[in-house]
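K.L.:
In terms of the working numbering, the sequence shown opens at residue -16 and continues consecutively.
Just so it is clear, CB atoms sit at the ideal spot from N, CA and C, and this is done for glycine as well.
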Amino acid sequence: MTKPIVFSGIQPSGDFHLGNYLGAVKNWVARQDDKTNYFCIVDMHAITVPQDPVQLRIKTRELAAILLACGIDPDKSTLFIQSHVRAHAECCWLLNCITPLGWLHRMTQFKDKSNRQESVLTGLLDYPVLQAGDIMLYDANEVPVGEDQKQHIELTRDIGQSFNARYEEPFFTLPKVMLPETGARVMGLDNPTNKMSKSFSHIRGHLVKLLDEPKEILRSFKKAQTDSGNEIMFSDDPEKAGVNNLLDIYVAVTEKSKEEALADFANARGYGDLKVGVANAVIETLTPIRERYNELMSDPAELDRQMARGAEQARAVADPKVTHMKEIMGLVLPS
Ligand code: TYM
């Protein structure tokens, strides 16, 4: 039986945080054996907002090491850097020419991000079209992401459908979004009404970085915002959003059920014990990843070799797909 094809991506800008891990990467790693996997470091998405070139290069290599340290296995998954595969940029252009502008203006991420920029770049508006191309070049069936990406995957399906209807049915496979059961939306520790996000990494205590030392992780959790009560429970009540977020994080890292999680804190003497318990569970998960990361970073040539291998595998799929796209759109192929 053929395995389902999985594609997902992550930007190399900013710091990789617990939300990225629980919302996306933990899931990528868990299902590697059962799927054909493409995982992409989307550096061309990162430059849709201004980046320092030196930092971007550093962060891109760091992210490759982080993903390998989290357990992405290059023998089971194709891990590559987006800009190494030219078909992504080409596919984006071709899809731009069938995507109505109005669809892009409706994207909530564009609205959020553009409100925070002094000058909004064309690439930021076009971001979801590049993303749609990423996914459909590989005919991905499944896209494991956090909840914030749901709208972009729905748009991908709309773009794919529109292309198929206009040119050739079924040229593109329409992908399904795959959200994790818990951890699809990890909230900021400083303010549990905001999603944990690299955009707020300048606010102390907002996010937990994957590479934070244990004492830093403990400090962040100890300062996490909760409420004035003392009841440890899962709840949709906005008042209890802080406690709910802590419990969700605990369930996601320990893979326990909600009942087991509550039982673990049945004797807690208030939120202080909850915060320390969650911090310790997170530290236990992240410590081996951090250690493996340090080993990988000590051999940059090997990291570069792995990325080159991934790009070669990705090109073998993406290049013929984009050539086929051009052909059916009426472009003359070079002889
Ligand atoms: P990025 O780098 O912003 O996020 C990477 C992944 O992390 C998830 N995520 C979260 N999950 C739970 N809680 C949070 N607080 C949280 N913050 C981030 C995101 O949902 C994402 O899965 N646009 C994509 C990158 C991309 C992509 C693709 C994804 C480009 N091409 C093709 C899938 C398929 C993004 O948000 O990256």
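(1) What would DSSP say about K326, mapped onto helix, strand or coil?
(2) Could you give the first and the last residue of the continuous beta strand (DSSP E) run that contains N20?
(3) If you compare alpha carbons, which of G(-3), V112 and K9 is closest to V236?
(4) Please state if the CB of A29 and the CB of L39 are separated by a distance shorter than 9 Å.
(5) Measuring CB to CB, does G143 end up less than 9 Å from Q65?
(6) Since L62 and G293 are thought to touch, with beta carbons under 8 Å apart, how far apart are those beta carbons, to the nearest angstrom?
(7) Quick one: residues in its chain with C-beta nearer than 7 Å to the C-beta of L50, no 5 flanking neighbours on either side, listed in chain order?
(8) Give a single yes or no on whether K178 has its beta carbon closer than 8 Å to a heavy atom of ligand 1.
(9) State the CB to CB distance for the pair Q289 and P57, rounded to an integer number of angstroms; the pair is presumed to be in contact (CB under 8 Å).
(10) I'd like the span of the alpha helix (DSSP H) that includes P303, first residue to last.
(11) Among the residues of its own chain, which have a CB less than 8 Å from the CB of A251, if the five just before and after it don't count?
(12) A123: which of E310, A297 and T306 sits nearest, CA to CA?
(13) Return helix, strand or coil for G54, following the three-state DSSP convention.
(14) Output needed for G54: all residues of its chain with C-beta closer than 6 Å, excluding positions within five of it in sequence on either side, in chain order.
(15) Give the single residue among G(-3), L87 and E130 whose Cα lies nearest to the Cα of D35.
(16) Which residues in the same chain have their Cβ closer than 7 Å to the Cβ of P127, if we skip the five residues on either side of it in sequence?
(17) Measure the alpha-carbon distance for G188 versus Y254 and round it to whole angstroms.
(18) Starting from S182, follow the beta strand (DSSP E) in both directions and report where the run begins and ends.
(19) Does any heavy atom of ligand 1 sit closer than 8 Å to the C-beta of L62?
(20) If I follow the unbroken beta strand (DSSP E) through T61, where does it start and stop?
(21) Take A301 and list the residues in its own chain whose beta-carbon comes closer than 8 Å to its own, dropping the five residues that flank it on each side.
(22) Measuring CA to CA, which of P283, D195, K42 and F146 is closest to P271?
(23) Check whether the Cβ of V37 lies closer than 8 Å to any heavy atom of ligand 1, and answer yes or no.
(24) On the three-state DSSP scale, how would you describe K178?
(25) Return helix, strand or coil for E101, following the three-state DSSP convention.
(26) Spell out the partners DSSP gives E125 in its beta bridges.
(27) Cβ-heavy atom distance between P127 and ligand 2 below 8 Å?
(28) Any idea if E125 is buried or exposed, counting beta-carbon neighbours within 10 angstroms, 16 or more meaning buried?
P.N.:
Per the coordinate set shown:
(1) Any answer about residue 326 is impossible in this case: the structure gives the chain only from -16 up to 318.
(2) Within the sequence shown, numbered from 1, the residue matching residue 20 stands at position 37. Start and end: T19 to I24.
(3) Position 253 of the sequence shown, counted from the start, is the residue given in the question as residue 236. Comparing Cα positions, the closest option is K9.
(4) By 1-based counting over the sequence shown, the position of residue 39 is 56. By 1-based counting over the sequence shown, the position of residue 29 is 46. Contact flag set, yes.
(5) Within the sequence shown, the letter at position 160 stands for residue 143. Within the sequence shown, the letter at position 82 stands for residue 65. For G143 and Q65, no; Cβs fall outside 9 Å.
(6) For the purposes of this step, residue 62 is taken as residue 79 along the sequence shown, with counting starting at 1. For the purposes of this step, residue 293 is taken as residue 310 along the sequence shown, with counting starting at 1. Yes, they are in contact, since the Cβ atoms of L62 and G293 sit about 5 Å apart, within 8 Å.
(7) Indexing the sequence shown from 1 puts residue 50 at position 67. Excluding residues within five positions, the ones whose Cβ falls inside 7 Å are V8, F22 and L62.
(8) Here residue 178 is taken as the residue at index 195 of the sequence shown, counted from 1. In this structure, K178 has its CB closer than 8 Å to one or more heavy atoms of ligand 1.
(9) In the sequence shown, the residue the question calls residue 289 occupies position 306. In the sequence shown, the residue the question calls residue 57 occupies position 74. Rounded, the Cβ-Cβ distance is 5 Å, consistent with contact.
(10) Your numbering for residue 303 matches position 320 in the sequence shown. Annotation for P303: the continuous alpha helix (DSSP H) segment containing it runs P283 to I311.
(11) To locate residue 251, count along the sequence shown from 1; it is residue 268. Here the set comprises I215, L257 and G260.
(12) In the sequence shown, the residue the question calls residue 123 occupies position 140. Of the candidates E310, A297 and T306, the one whose C-alpha sits nearest the C-alpha of A123 is A297.
(13) In the sequence shown, the residue the question calls residue 54 occupies position 71. Three-state result, G54: coil.
(14) Indexing the sequence shown from 1 puts residue 54 at position 71. Result list for G54: V12, in chain order.
(15) For this step, residue 35 is matched to residue 52 along the sequence shown. Answer by Cα proximity: G(-3).
(16) Taking the first residue of the sequence shown as position 1, residue 127 is located at position 144. V(-11), S(-9), A7, N10, W11 and M161, listed in sequence order.
(17) As a first step, residue 188 is located in the sequence shown; it is residue number 205 there, counting from the start. As a first step, residue 254 is located in the sequence shown; it is residue number 271 there, counting from the start. Roughly 17 Å separates the two Cα atoms.
(18) Taking the first residue of the sequence shown as 1, we reach residue 182 at position 199. First-last for S182: undefined, no H or E at that position.
(19) Here the question's residue 62 lines up with position 79 in the sequence shown. L62: no, Cβ never under 8 Å from ligand 1.
(20) Locating residue 61 in the sequence shown gives position 78, counting from the first residue. Note, T61: beta strand (DSSP E), S60 to I64.
(21) Looking up residue 301 in the sequence shown gives position 318. Within the same chain, A301 has close Cβ partners V68, A70, H71, C74, L120 and Y121.
(22) Position 288 of the sequence shown, counting from 1, holds the residue named residue 271. Closest by alpha carbon: D195.
(23) Walking along the sequence shown from the start, residue 37 turns up at place 54. Flag unset: Cβ of V37 not near ligand 1.
(24) Numbered from its first residue, the sequence shown carries residue 178 at position 195. Strand.
(25) Indexing the sequence shown from 1 puts residue 101 at position 118. Correct three-state label for E101: coil.
(26) Against the sequence shown, residue 125 aligns to sequence position 142. Note: E125 sits in a beta bridge opposite V(-11) and K159.
(27) Ligands displayed in this structure: ligand 1; ligand 2 is not among them.
(28) If you number the sequence shown from 1, residue 125 lands on position 142. Around the beta carbon of E125, 16 or more other beta carbons lie within 10 angstroms, which makes this residue buried.
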